[in-house]
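Take the sequence shown: its position 532, counted from the start at 1, is 532 in UniProt numbering, and no numbers get skipped.
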Amino acid sequence: MRIVDYLKAHKDQSFSDLALNEVDIAALTELSNLPIAGLLPSDLSGEDYWGLSTLYQALKDQDYSFQGLWQWIMDGRYELLEAMVDSQRFQDVRLYGFDSQLNREAVLQFAALVVEVPDHFKIIAFRGTDDHLVGWRENFKLAYQKAMPSQKSATDYLRQVLDYPTDPEQTIIVSGHSKGGNLAIVASIQQDKAYQDRLSAVYAFDSPGIHRETLAQENFHRIQGRIHEYVPEDSLIGIILYAAVKPVVVRSSGISLMQHLMEMWEVEDTHFEQVQSTTPTSQLAQATMNVWMLWQGQENIERFFFLVFELLNQTGIDSFKDIDKDFSGFIGNLYREGKSLDRSTQRFLMSTLNDLVLIGRALKRRRQTSEDTYYPQSIKNEVLQQVSAWHHDQPWVSVLVGGALIFSGLVLLIKPSYDLSFLAGFFLLIIFISGLWDLRYFWTQPGSRLRGTYLLAALLAFILSGAGIYFGGRFLPIQVGVWMIGLSLIRVWQFYRIHTDHWDIPVSGIVLSLATFAMGILLIGQPRLSAYLPILLALGFILLGLVMVVSLIIYQRESELYDFIDHWEEK
């Protein structure tokens, strides 16, 4: 079940019957992300407050005109609020002390409120990044600055809340989701000891981490034992920088970045359902960002994000809602502003982005082929791995093989061979080799969940190649077509199993499998199309040869980057 299901399941239990837990804290923290500016009282004393039902009615009377993805996100948060309003458990919740700051010039986006149930607990909840562009710009400053403007605002806000006297027996918790979790941790670290001693716990839900220098501060060590961090299994936000403590990894039903939304997190009884570790995709994203930032250096990272957000500002948007309202207009403005940049700036932006892509691809390939990481390989992946080795150690081999492929393709294209025996022998050899490749995986991966599919693909290849030899190539189009259809279906099933093992689905593999399936159908339905196989083969040879030569040129140009990745991996 999800958070909203938990709220409904325990709606009749008071906090005396069932103590406050991590799921309650997550749900109450989400209140800070609602569009409550101008609604809640700002007084920190708690004498003037709103209940949940009052807030719910006020929000129903407002028209916030969210669209697209943001409307879907906000609907999930409204659903949590509605479930709490209908719950006896949350009937005594008081909301007050709301503070919101938005300053484009200072690059500051901050909001927080106090959530209190008298005689039980008080939660100081910090808002994460909302849809305003300035908030996202402030977020990315963490990549090259040790502090954000909102961190000082959060520190001051928490100190002001703690200045008010409270019942010594009352639990005081600081919490936040996304950037709000970072603010909760930093604000708690920056307090004097007397204030820190009053804090019962700090909760951060899928939040960017803190800088390494902070981990050595005495203030941090005083509060570290009370910090609780949570990240979804496919986290892309909570992996940034350094975690204050080892995070709890939560199972989520969301896909990729959507796992950032706590509404998608799975709940078991009265706590989040845990998994052993983050997914390989999350770990790869973390490694890619780390290497990219180290490679670029602080100065380049700062310049890159400054240019990106200046470019976005020039389009006239202030929030992502503006993009939803006129997406085509935004794209047109962005293109025009990008074209207006000078050539050196354009080259810098494209080069920096290109480095990020190259690093991600290189690290992904190395993790897929490492001895301690299981990933179902394909002929394509192994060929790419071998080509990379040639590029690195024997570039002359890459030139020789690439040239040979291009030459062979040109020969076939200029004077294609329609000799049936040649075609039959060539394609039956390809089918047989693919069977050997799959049989090799079946033999060398005894613990693989895909072992049965490898054996099935090998048997299909051997049966069809044997039939081709027996019939002398008379039914070649049908045999090749059956092999293409069968192999593509097996590969699609393998890709599905890859996804269930928490690897990202290879889009190129899916596209290639669908194309192979379509070609197989055509060959069976229209055997005469086999006459065009030499031309297709020629074009394939030429394309592969060009790709090999071009990739060598790119590799040589980026050799320093690849050497840097090697050094980072060794460390």
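Beta carbons: idealized from backbone N, C-alpha and C, even for Gly.
Residue(s) in a DSSP beta bridge with residue i
i	result
proline 232	Val250
tryptophan 136	Answer is none; tryptophan 136 lacks a bridge partner.
phenylalanine 121	Val117 and Thr171
glycine 425	Its beta-bridge partners do not exist; DSSP assigns none.
aspartate 99	Ala112
arginine 336	Arginine 336 is not bridged to any residue.
phenylalanine 272	Val267
alanine 201	Ile173
arginine 94	Glu116
arginine 2	Glu266
phenylalanine 126	Ala112 and Gly176
serine 319	His132
isoleucine 210	Tyr242
CA nearest to the CA of residue i, picked from the options
i	options	result
leucine 52	Ser45, Pro165 and Leu40	Leu40
aspartate 130	Asp92, Ser178, Ser513 and Pro280	Ser178
serine 16	Met519, Tyr78, Phe90 and Ile331	Phe90
lysine 193	Asn182, His221 and Ala184	His221
histidine 228	Phe348, Ala216, Val249 and Thr214	Val249
threonine 278	Asp322, Met84, Leu307 and Ser235	Ser235
valine 482	Asn333, Arg497, Phe427 and Ile323	Phe427
serine 100	Val93, Val114, Leu512 and Ser87	Val114
aspartate 92	Glu82, Glu105 and Asp119	Asp119
alanine 461	Arg528, Arg449 and Ile433	Ile433
leucine 533	Glu213, Gly468, Leu412 and Ser551	Leu412
valine 480	Pro527, Val511 and Ser513	Pro527
tyrosine 335	Leu311, Asp355 and Thr345	Leu311
leucine 301	Pro395, Asp355 and Ala467	The amino acid occupying residue 301 in the given sequence is isoleucine; leucine does not appear at that position. Per the Cα distances, Asp355.
Close Cβ partners of residue i (< 7 angstroms) along its chain, the five nearest in sequence each way excluded
i	result
alanine 458	Gly435, Asp438, Leu439 and Phe442
glutamine 190	Thr155 and Asn219
aspartate 318	His132 and Leu133
valine 13	The sequence shown places glutamine at residue 13, not valine. Same-chain partners within the cutoff: Arg89.
asparagine 333	Thr315 and Gly316
Own chain partners of residue i with C-beta closer than 6 angstroms, once the 5 adjacent residues on each side are dropped
i	result
alanine 9	none
methionine 1	Val267
leucine 140	Checking the sequence, you will find phenylalanine at residue 140 rather than leucine. Phe305.
glycine 545	Gly402, Leu405 and Ile406
residue 572	Because the chain in this structure spans residues 1 to 571, residue 572 falls outside the shown range and cannot be described.
C-beta atoms of residue i and residue j nearer than 8 angstroms
i	j	result
threonine 270	valine 23	yes
lysine 122	glutamine 160	no
threonine 281	isoleucine 359	no
leucine 108	serine 45	no
threonine 315	glycine 176	no
tryptophan 70	phenylalanine 327	no
isoleucine 490	threonine 516	no
tyrosine 562	alanine 362	yes
methionine 84	alanine 27	yes
alanine 143	phenylalanine 330	no
arginine 198	leucine 162	yes
glycine 520	isoleucine 485	yes
phenylalanine 205	methionine 264	no
tryptophan 568	leucine 353	no
asparagine 182	serine 200	no
isoleucine 173	tyrosine 195	no
glutamine 286	isoleucine 239	yes
leucine 349	leucine 405	no
alanine 244	isoleucine 323	no
glycine 97	serine 153	no
glutamate 116	arginine 94	yes
serine 188	isoleucine 223	yes
leucine 284	lysine 339	no
alanine 112	isoleucine 124	yes
Inter-residue CB distance, residue i and residue j (contact presumed, cutoff 8 angstroms)
i	j	result
glycine 180	arginine 127	5 angstroms
leucine 34	leucine 59	7 angstroms
proline 232	glycine 209	Proline 232 to glycine 209, Cβ: 15 angstroms. No contact.
isoleucine 478	isoleucine 524	6 angstroms
tyrosine 242	phenylalanine 272	With a Cβ gap of about 22 angstroms, tyrosine 242 and phenylalanine 272 do not count as contacting.
lysine 146	glutamate 213	7 angstroms
valine 291	isoleucine 565	6 angstroms
serine 513	serine 488	4 angstroms
Contact set for residue i: own chain, Cβ-Cβ below 8 angstroms, skip 5 residues either direction
i	result
leucine 410	Ala538 and Ile542
asparagine 21	Thr270 and His271
glutamate 337	Leu311, Gln314 and Thr315
tyrosine 164	Leu44, Ser45 and Gly46
Near the ligand GDP: residue i beta-carbon under 7 angstroms from a heavy atom
i	result
serine 32	Of the ligands one can find in the structure shown there are none, so the ligand GDP has no counterpart to examine.
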